[in-house]
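Have a look at the structure below, then the notes.
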Amino acid sequence: MHWTEYLPPLLQGAWVTVELTVYSTILGAVCAFAFGIGKLSRNWAIKGFSIVYIEIFRGTSLLVQLFWLYFALPIAGDLIGINLRLPPVAAGVLALGLNIGAYGAEVVRGAIQAVRPSQYEAAKALNFTAQQALWRIALPQAIPEMMPAFGNLAVQNLKDTALASLISLGDLAFRAEQVRNFTQDSTTVYSMILLMYFGMALVLTAIMRLLERSVGRWRGARS
Amino acid sequence: MLFGFHWDTGHGELVFAWSILPMLLRGLVVTIEASIVGFFIALVIGLIFAVLKDVPLKIISYPAYVITEFFRDTPLLVQLFFLYYVLPDYGIILPAFLTGALALGIQYSAYTAEVYRAGIEAVPKGQHEAAKALDLTASLTFTHIVLPQAVPRVVPAMGNYLVSISKDVPVLSVVTVLEMLNVAKIIGDQTFDYLVPLSMVGGLYLILTIVASAAVRWVDAKLPKTGVPMR
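So the sequences go chain by chain: A and B. Every letter in the first sequence is one number past the one before it in our numbering, and letter 5, counting from 1, is 5. Every letter in the second sequence is one number past the one before it in our numbering, and letter 97, counting from 1, is 1097.
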């Protein structure tokens, strides 16, 4: 078999990897803002829940989380009489998104805390509510500071999608494994998908740079 | 039965959990061993890359830059499969544990190389000038002036990567390394109860990372912050 014949199944897998990356990055971004802001909340219940979420998902291994959602959650569901059997795609997106979201939440928290106190004082002096100060003053200045870290996390997330192949999700790593089983041509197959992952990471990095530049305009004038 | 221990599925979840704890702890030991071996490989390869990236010749520094970028941007799982299936084709047959540790070391060398560079660059320029004024050779300057000041700066970042590596060790289960997650998976496959072993692995990981992070902070607090004290 010529190496070009490996391409159709691999490209099919690469598309699944792209979808998985996009969905889980969006879920991760939502979690990052929700729990990053939640950790700064004065409401102890929201704050406590955010801290527990962040510690659990940062403190344990992603593969453990993935296996837990896929293998253990259905059993937990049976115990309380609910069907929690997730299809591999749902388990994959959920595990990847929740995991990267916990890392992102720390980035969001750090960036919001790095906004100078004088900005909040000025917002207060102008009679902004706490909500307005957060959404209109703090976040527009904090988001550009988050972008470099978010870029790294997005690439991290792309790499992590390969683990979803271990719960029989047909992504690039999974297709590569199939092609290798069929042809026994490990060197070519794995070299090809390493390059494909590298290419996707470079494209993702470029996209995140563009995003970084476009939100850079929100940065306030530096004194 | 695993490692000579028997699980007890007949007397409720708690008895079952207690009966499999010794097996999971055996797995935990392998997890820690793999983390440490992988970490040392990453420290060595990372230092080589850090030096190569600093070479003034573009023909050496540029390939080193591209290779570390490649190591950083490709999944650990695929790198591991590559080493595990491709190396034997070229006559290099390593045990699964070493292949796994090597994959961890290669992936993280891209990160440690950056840490070394940041640490070395953070040493003030005046230190180099002073060393030159004292007529120290380049190698003496590096080993006696730059390194002692760079090391305290890189220790916390390196420690964090050690913790990260320990969280990536479960990937090694795909090449049959019996680390903690693999042990839990085997117990689940045999007893049809994944909930207890996988939840216990999560709990043990939480303990491991909390203790390790506290250790990193403790070591960091013990290190001198600016330069090294005179003796």
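Where a beta carbon is used, it is the ideal one built from N, C-alpha and C, also for glycine. Predicted model, so just to flag it, every value in this text is computed and none were measured.
Check: Beta carbon of Leu1195(B), beta carbon of Ala72(A): below 9 Å?
Finding: Along the second sequence, read from residue 1 onward, the residue named residue 1195(B) stands at position 195. Along the first sequence, read from residue 1 onward, the residue named residue 72(A) stands at position 72. Yes, Cβ-Cβ distance for Leu1195(B) and Ala72(A) is below 9 Å.
Item checked: Buried versus exposed, by CB contacts within 10 Å (16 or more), Gly48(A) -> The residue given as residue 48(A) occupies position 48 in the first sequence. The residue is exposed, with fewer than 16 neighbouring Cβ atoms inside 10 Å.
Next item on the list: For Leu195(A), collect the residues of the same chain with a Cβ closer than 8 Å to its Cβ; drop the 5 residues on either side in sequence, then sort them by chain order.
Entry: Here the question's residue 195(A) lines up with position 195 in the first sequence. If we look at Leu195(A) and ignore the five residues flanking it on each side, it has no Cβ neighbours.
Note to self: Along the region 1065–1077 of chain B, where does the CB come closer than 9 Å to a CB of chain A? Name the residues.
What the structure shows: Closer than 9 Å at the C-beta level to chain A, one finds these residues of the region 1065–1077 of chain B: Glu1069, Phe1070, Arg1072, Asp1073, Thr1074, Pro1075, Leu1076, Leu1077.
Checklist line | For Trp15(A), the first and last residue of its enclosing alpha helix (DSSP H) | finding: Sequence index remark: in the first sequence, residue 15(A) carries index 15 (1-based). Where Trp15(A) is concerned, the enclosing alpha helix (DSSP H) stretches over 7–38.
Next item on the list: Please specify which runs of the alpha helix (DSSP H), each continuous and at least 4 residues long, are wholly inside the region 1128–1178 of chain B, giving them in chain order.
Entry: 1147–1168
Check: Using the beta-carbon count (16 or more within 10 Å), is Val1169(B) buried or exposed?
Finding: In the second sequence, residue 1169(B) corresponds to position 169, counting from 1. When all chains shown are included, Val1169(B) counts as buried.
Checklist line | Counted within 10 angstroms of its Cβ, other Cβ atoms place Leu210(A) as buried (16 or more) or exposed | finding: Within the first sequence, the letter at position 210 stands for residue 210(A). That one is exposed.
Item checked: Within chain A, partners of Lys1185(B) - CB distance below 9 Å -> Counting from 1 along the second sequence, the entry for residue 1185(B) is found at position 185. Under the 9 Å cutoff, chain A gives Phe67, Phe71.
Notebook entry, point to check: Counting pairs of Cβ atoms below 8 Å between the region 167–184 of chain A and the region 128–137 of chain A, do you hit three or more?
Noted result: no
Notebook entry, point to check: Does any CB atom of chain E fall closer than 9 Å to the CB of Ile193(A)?
Noted result: Of the protein chains in the structure, A and B, none is chain E.
Checklist line | Whole-number beta carbon distance between Asn181(A) and Leu96(A), since they are thought to touch under 8 Å | finding: Translated into the one-based positions of the first sequence, residue 96(A) becomes position 96. Translated into the one-based positions of the first sequence, residue 181(A) becomes position 181. At roughly 25 Å, the Cβ-Cβ gap does not stay under 8 Å, so Leu96(A) and Asn181(A) are not in contact.
Checklist line | Which listed residue (Asp185(A), Gly92(A), Arg217(A)) has its alpha carbon closest to that of Ser168(A) | finding: Numbered from 1 along the first sequence, position 168 holds the residue referred to as residue 168(A). Per the Cα distances, Gly92(A).
Note to self: If contact is defined by three or more beta carbon pairs under 8 Å, each pair taking one atom from either stretch, is the region 1100–1113 of chain B in contact with the region 1137–1148 of chain B?
What the structure shows: no
Next item on the list: Would you kindly report the start and end of the unbroken alpha helix (DSSP H) that includes Asn1182(B)?
Entry: For the purposes of this step, residue 1182(B) is taken as residue 182 along the second sequence, with counting starting at 1. Segment 1180–1191, the alpha helix (DSSP H) holding Asn1182(B).
Note to self: For a cutoff of 9 Å on Cβ pairs, would you count Gln1149(B) as touching chain A?
What the structure shows: On the second sequence, residue 1149(B) is found 149 positions in, with the first residue counted as 1. Chain A, which has no Cβ nearer than 9 Å to the Cβ of Gln1149(B), makes this no.
Check: Run through DSSP, which three-state label would Phe1081(B) get?
Finding: Here residue 1081(B) is taken as the residue at index 81 of the second sequence, counted from 1. Helix, per DSSP.
Notebook entry, point to check: Which runs of the alpha helix (DSSP H), 4 residues or longer, sit entirely within the region 77–111 of chain A?
Noted result: none
Notebook entry, point to check: In its own chain, which residues sit with a C-beta less than 8 Å from the C-beta of Leu1076(B), not counting the 5 before and 5 after it?
Noted result: Start at 1 with the first residue of the second sequence, and residue 1076(B) comes out as number 76. Correct list, in chain order: Ala1103, Leu1104, Gln1107, Asp1168, Val1171.
Next item on the list: Could you pull the start and end residues of the alpha helix (DSSP H) that Leu204(A) belongs to?
Entry: Residue 204(A) sits at position 204 when you count from the first residue of the first sequence. Segment 186–215, the alpha helix (DSSP H) holding Leu204(A).
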